[in-house]
Structure formats: structure tokens, C-alpha cells
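Student:
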Amino acid sequence: VPVQYIVLKRSPLIPEMATQEVQLNETLAHLKTESETLKTKLEEERAKLHDVELHQVAEKVEALGQFVMKTRRTLKGHGNKVLCMDWCKDKRRIVSSSQDGKVIVWDAFTTNKEHAVTMPCTWVMACAYAPSGCAVACGGLDNKCSVYPLSLDKNENLAAKKKSVAMHTNYLSACSFTNSDMQILTSSGDGTCALWDVESGQLLQSFHGHAADVLCLDLAPSETGNTFVSGGCDKKANVWDMRSGQCIQSFETHESDINSVRYYPSGDAFASGSDDATCRLYDLRADREVAIYSKESIIFGVSSVDFSLSGRLLFGGYNDYTINVWDVLKGTRVSILFGHENRVSTLRVSPDGTAFCTGSWDHTLRIWA
Amino acid sequence: MSSKAPSANNLNQARQTVQQLRLEARIERIKISQASADIVKYCNQHQKSDPLIMGIPASENPFKEKKPCTVL
Numbered sequence: 006v007p008v009q010y011i012v013l014k015r016s017p018l019i020p021e022m023a024t025q026e027v028q029l030n031e032t033l034a035h036l037k038t039e040s041e042t043l044k045t046k047l048e049e050e051r052a053k054l055h056d057v058e059l060h061q062v063a064e065k066v067e068a069l070g071q072f073v074m075k076t077r078r079t080l081k082g083h084g085n086k087v088l089c090m091d092w093c094k095d096k097r098r099i100v101s102s103s104q105d106g107k108v109i110v111w112d113a114f115t116t117n118k119e120h121a122v123t124m125p126c127t128w129v130m131a132c133a134y135a136p137s138g139c140a141v142a143c144g145g146l147d148n149k150c151s152v153y154p155l156s157l158d159k160n161e162n163l164a165a166k167k168k169s170v171a172m173h174t175n176y177l178s179a180c181s182f183t184n185s186d187m188q189i190l191t192s193s194g195d196g197t198c199a200l201w202d203v204e205s206g207q208l209l210q211s212f213h214g215h216a217a218d219v220l221c222l223d224l225a226p227s228e229t230g231n232t233f234v235s236g237g238c239d240k241k242a243n244v245w246d247m248r249s250g251q252c253i254q255s256f257e258t259h260e261s262d263i264n265s266v267r268y269y270p271s272g273d274a275f276a277s278g279s280d281d282a283t284c285r286l287y288d289l290r291a292d293r294e295v296a297i298y299s300k301e302s303i304i305f306g307v308s309s310v311d312f313s314l315s316g317r318l319l320f321g322g323y324n325d326y327t328i329n330v331w332d333v334l335k336g337t338r339v340s341i342l343f344g345h346e347n348r349v350s351t352l353r354v355s356p357d358g359t360a361f362c363t364g365s366w367d368h369t370l371r372i373w374a
Numbered sequence: 445m446s447s448k449a450p451s452a453n454n455l456n457q458a459r460q461t462v463q464q465l466r467l468e469a470r471i472e473r474i475k476i477s478q479a480s481a482d483i484v485k486y487c488n489q490h491q492k493s494d495p496l497i498m499g500i501p502a503s504e505n506p507f508k509e510k511k512p513c514t515v516l
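Going down the list, the sequences are from chains G and A.
For reference, each letter of the first sequence is one residue, going 6 to 374 in the numbering used here.
For reference, each letter of the second sequence is one residue, going 445 to 516 in the numbering used here.
Take a look at the structure:
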């Protein structure tokens, strides 16, 4: 705000000897007023478009039938809480990471362990499979994201070929390769997200805007362009332009930490799961929340969410050890799944939508279909 | 240093917040009725090929086989 503006606004009774302090105070106050005005305007604009609810538009849609989903495989081998997992594009391999510092690659069809790496830190909170299937990325309390090429030779020590890619100033909460093995997107307890070149370890872009730890991220489906969504302890979900580093949209309706975000398959919306025990759906073109998935009886936080292939079902892994399955259109719960003996910490649907995998604090992973 | 004086940091943060809000206020939005209709349409178009909704026979789903095979 230019100094002249303040001079014009000043009452003639105030002495000409304006101090630096008075100028700064007036500038800050002016900015805060403008901030409040803009926030109110945003709310008004969003409210104008609130002509109907999603479940009302979906009234005529045929109701879903009964679901029979069971645990088809149990993957045992981690010595402590499973914190994260990801599917390989081949729809059968899975990488998982644990509080015990181990990262394991499994063949989910046979339950065989194909690779295992011991990280130099405990609490490996993030792991991801490379699109080629030839490498995995992981990190956690070491504040880094490292890439391990997967060797065909089972006897080879994977740790020897480890490549350190990302460096944050606090824990790594999530990581994801972009559409190639060459770039990785990370989120961190340091409040930022970042895009890295895997080969050189160079920081390509950083994303600032969250006011607290960023806990999760998800890349938009490749057809919809270069954006991603992140969720954090500031209760905000932010949508970012990967090229410019700009936050293009921000949503703040959750009442607690957002632990998981996932794009709807069309790329026009995304779902979130939070410690406030709700999942929510945000439409990007309407620029607002369009559905809440909650029940009075559900009081424990949601750790992870993912959509079925068509986007009609939303799976949520909860801290009360269950999985709740929601009808995305009608807003109702269609199924509740039991099996894990502790918190469900991570959940992903397989690339071809035939099954989904959950990881839990009970040290196991389960494949459901 | 006076405790009442706002730091340059506070000022920068306030400026950034205002700039961000100005950006967000400018974006074009559509009505929920239209946004919802598109979400419903997408589901309807893809539901018949959604294995977790339609269910696929055990013979075609490797996870539903009764005996997991072990690679020796």
C-alpha cells in the first residue's frame, strides 16, 4: 500500500510528524480489512452458486446393491505399524513402509515378499511406486525422500543404489512420482510441498501456502493438466499449479487435520478425509464443498480415502479399525468392513479397480475384493 | 525494539494473504447443479466397468482364487 494513500486518509488533527510505526500499523490494518472483505466476497460468490445439493441431483440414480467385500489376502511381515502403501501399475505388486524402518515390495497375488530395504530411520511415513515399476521412493523422519531402483537380482543390496532426492526441514509425510520416473512430488511437516528432479536431486518448484504441516497430496489425473491437491494440519486443502508454484484454489471446511486427499477420476473434484471423522467432496469448477460423508456414530478420524474406478464408491480407512464404504452420489454409507485389529493408516484402490489394499497399525496389509 | 511495532514479516504475510485472496476471488465458478450433473454423468458412464461395483467372477479375479499359488 503506497504511503501517499495513508497521508491522504489521515485526519488533519494528527501531527505531521507521522512515525514509521504509525505508517506500518495503518498499512497492516488496511491489509487486514481488505483480507476480511475479500473472504466475505468469496463466501458470497460461492453461496450464489449453491442452488442444489449433490444428493438431490442424484435422487433419480439407481441405488447400489448389497456388497460382499472380504479380505482376500493378508500380507504379514512388518514388525511394526504399517504407515503407507502404493500399488505398482502392474496391478499385482505393492510397496509398503512401516514404523519399523522397513520398506517391503510384495507380490499381492502370492503374498510373497520380493524386496526389503531397511531405512536409516524409523517411521517411514511415505512410499510410492515408480510408474515404470523399476523403483520405489520412500522417506519419513529422516526428512528426505530417497529412490531405490529395484534389482532383478534378489541377493543384491538395494540400499547400495539408494539415491537421495528430496530434502525438507521436517518429516516427509507423502511422496508421489509424477507421470514418469524422473520427477517426484513431496509434502512435509515443514509446511511445504516440493517438486524434485530424481536424477540430479534438484528442487524444481516449491509450494508455499499451508500454515502448518502438510500431511497428504494427490496428483490430478494426467488428462486434466498439471495440478495437484494437498491437505494439512491447517485444515486446508489447496490446489496447486505445478509449473508456477501458485495456489489456485483453497478449501477450508474441515474442522481438523486433513489426513488424506484423492482426486475423483474425472479430475473435476477431490475427496478428503480428516481427524474430524468426516470425508468431504470438493468440486473444483463450483469451487466449493458439495458433499459430506459422515454419521453420528462415526467419531474416529479418517486416515485415508480412495475412489473406486467409476468414482461411485468412496472408501475410507478409519482410526476405529474399520473401513466405511460411501455412495459418493447419494451421500449414504453402503458398507462397513471389519478385519484390522488396529487403526487403518493407508488405503489405495488397485490401478484396474479390481481390489483395494489397506495397511494398518496392526502390522499387516489386507487386500479386499 | 517496541513490542507494538508490527514486524516486516507480519506485513509481508498480510500482503501475501491479500494477493492470494484477490487471485481466488477472480476465478470463474459454475453452479452446483451443473457440477453435480457432471459428476453423476461420469459415474453413470463408468459404473458398468467398475469391478468393485459390478463384481467380477472368481475365475477372472486373481484375488478371488481359492488357493493362492506360491512361486517356488
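Beta carbons: idealized from backbone N, C-alpha and C, even for Gly.
Treat the numbers as computed from the prediction; the structure is a model and nothing was measured.
1. Which residue comes first and which comes last in the alpha helix (DSSP H) that contains G:H120?
2. Quick one, which of G:M247, G:C89, G:C252 and G:D202 has its alpha-carbon nearest G:A216's?
3. Flag A:P501 as yes if its beta-carbon sits less than 9 Å from any beta-carbon of chain G, otherwise no.
4. For the beta strand (DSSP E) that contains G:E294, what are its first and last residues?
5. Suppose only complete runs of 4+ residues qualify. What are the alpha helix (DSSP H) ranges in the stretch 222-259 of chain G, listed by chain order?
6. Using a Cβ cut-off of 9 Å (strictly closer), state whether G:C252 contacts chain A.
7. Got a sec: which bits of the stretch 72-85 of chain G sit with their beta carbon under 7 Å from any beta carbon on chain A, in order along the chain?
8. Any beta-carbon of chain A closer than 9 Å to the one on G:V310?
9. Go ahead and label G:A68 buried or exposed: buried means 16 or more other beta carbons lie within 10 angstroms of its beta carbon, across all protein chains shown.
10. Out of curiosity, what's the CA-to-CA distance linking G:R98 and A:A452?
11. Report the CB separation of G:G84 from G:K107 in whole angstroms; it is logged as a contact under 8 Å.
12. What does the alpha-carbon distance come out to for the pair G:F93 and G:M130?
13. Mind listing the chain G neighbours of A:N454? Cutoff is C-beta to C-beta under 7 Å, in chain order.
14. Is the Cβ-Cβ distance between G:T45 and G:T369 less than 9 Å?
15. For A:L482, which of helix, strand or coil comes out of DSSP?
16. Please state the DSSP three-state secondary structure of G:I341.
17. Check A:V520 in the structure and name its three-state DSSP category.
18. Quick one: is G:A360 near chain A, going by C-beta distance under 9 Å?
19. If the cut is a Cβ gap below 9 Å, which residues of chain A does G:E48 touch?
20. For A:Q478, which of G:K75, G:A291, G:A282 and G:S261 has the nearest alpha-carbon?
21. Figure out for me which residue from G:V110, G:L318, G:S193 and G:V219 has the closest Cα to the Cα of G:D239.
22. Mapping the DSSP letters down to three states, classify G:R51 as helix, strand or coil.
23. Mind checking which residues open and close the beta strand (DSSP E) that includes G:P154?
24. For G:T197, which residues in the same chain have their Cβ closer than 8 Å to its Cβ, ignoring the five residues on either side in sequence?
25. Quick check: what's the CA-CA separation for G:G82 versus G:L318?
26. Closer than 8 Å between beta carbons: that is the criterion. Which residues of the stretch 220-250 of chain G meet it against chain A?
27. By Cβ distance below 7 Å, which residues in the same chain neighbour G:Q104 in space, the five residues on each side in sequence not counted?
28. Of all the options G:R338, G:R267 and G:M124, which has the alpha carbon lying nearest to the alpha carbon of G:N162?
29. What does DSSP give as the partner residues of G:C2 in its beta bridges?
30. If we cut at 9 Å on Cβ distances, does G:G97 have a partner in chain A?
31. For a test of the three-state rule: what should DSSP assign to G:F312, helix, strand or coil?
32. By DSSP, does G:T45 sit in helix, in strand, or in coil?
33. Do the CB positions of G:A296 and G:L289 come within less than 9 Å of each other?
34. Under 8 Å between beta-carbons, which chain A residues line up against G:G316? List them in chain order, please.
35. Express the C-alpha separation of G:M187 and G:H120 in angstroms, rounding to a whole number.
36. Are G:L155 and G:G138 close, meaning C-beta to C-beta below 9 Å?
Tutor: Reading it off the structure:
1. No alpha helix (DSSP H) holds G:H120; the beta strand (DSSP E) holding it covers N117 to T123.
2. Cα-wise, what sits closest to G:A216 is G:C252.
3. No, because no Cβ of chain G sits closer than 9 Å to the Cβ of A:P501.
4. G:E294 -> beta strand (DSSP E) spans R293 to Y298.
5. Within the stretch 222-259 of chain G, no complete alpha helix (DSSP H) segment of 4 residues or longer occurs.
6. Chain A, which has a Cβ nearer than 9 Å to the Cβ of G:C252, makes this yes.
7. From the stretch 72-85 of chain G, only R77 and R78 have a Cβ closer than 7 Å to chain A.
8. G:V310 does not count as touching chain A.
9. The residue is exposed, with fewer than 16 neighbouring Cβ atoms inside 10 Å.
10. When rounded, the distance between both Cα atoms is 51 Å.
11. Beta-carbon to beta-carbon, G:G84 and G:K107 are separated by about 7 Å, close enough to satisfy the 8 Å threshold.
12. Inspection of the sequence shows that residue 93 of chain G is occupied by Cys rather than by Phe. G:C93 and G:M130 have their C-alpha atoms spaced approximately 18 Å apart.
13. Neighbours of A:N454 in chain G, taken as residues at a C-beta separation under 7 Å, are given in chain order as L33.
14. For G:T45 and G:T369, no; Cβs fall outside 9 Å.
15. The amino acid occupying residue 482 of chain A in the given sequence is Asp; Leu does not appear at that position. Note: A:D482 maps to helix in three-state DSSP.
16. Strand.
17. No information on residue 520 of chain A is available, as it lies outside the stretch 445 to 516 that chain A covers here.
18. Under the 9 Å criterion on CB atoms, G:A360 is classed as interfacial with respect to chain A.
19. Those within 9 Å of G:E48 in chain A number zero; the least Cβ separation is about 10 Å.
20. Minimum Cα distance to A:Q478 is reached at G:A291.
21. Ranking G:V110, G:L318, G:S193 and G:V219 by Cα distance to G:D239 puts G:V219 first.
22. Here DSSP, grouped into helix, strand and coil, assigns G:R51 to helix.
23. Its beta strand (DSSP E) spans residues K149 to P154.
24. Closer than 8 Å at the Cβ level, and outside the excluded window around G:T197, lie H173, S211, F212, H213, H215 and V219.
25. In this structure, the CA atom of G:G82 is about 30 Å from the CA atom of G:L318.
26. In summary, no residue of the stretch 220-250 of chain G has a CB separated from any CB of chain A by less than 8 Å.
27. Counting only Cβ-Cβ distances below 7 Å, and skipping sequence neighbours, we find N85, K86, L88, T127 and W128.
28. Taking only the C-alpha atoms, the option nearest G:N162 is G:M124.
29. There is no way to answer for residue 2 of chain G, as the model of chain G reaches only from 6 to 374.
30. First, the residue type needs correcting, since residue 97 of chain G is Arg and not Gly in the sequence shown. Flagged as an interface residue toward chain A: G:R97, by a C-beta distance shorter than 9 Å.
31. Note: G:F312 maps to strand in three-state DSSP.
32. If DSSP states are grouped into helix, strand and coil, G:T45 belongs with the helices.
33. One thing to note: G:A296 has its Cβ no nearer than 9 Å to the Cβ of G:L289.
34. The contacting residues are I483, Y486, C487 and H490.
35. Annotation: G:H120 to G:M187 spans about 22 Å, alpha carbon to alpha carbon.
36. Yes; because the gap between Cβ atoms is below 9 Å, this pair is in contact.
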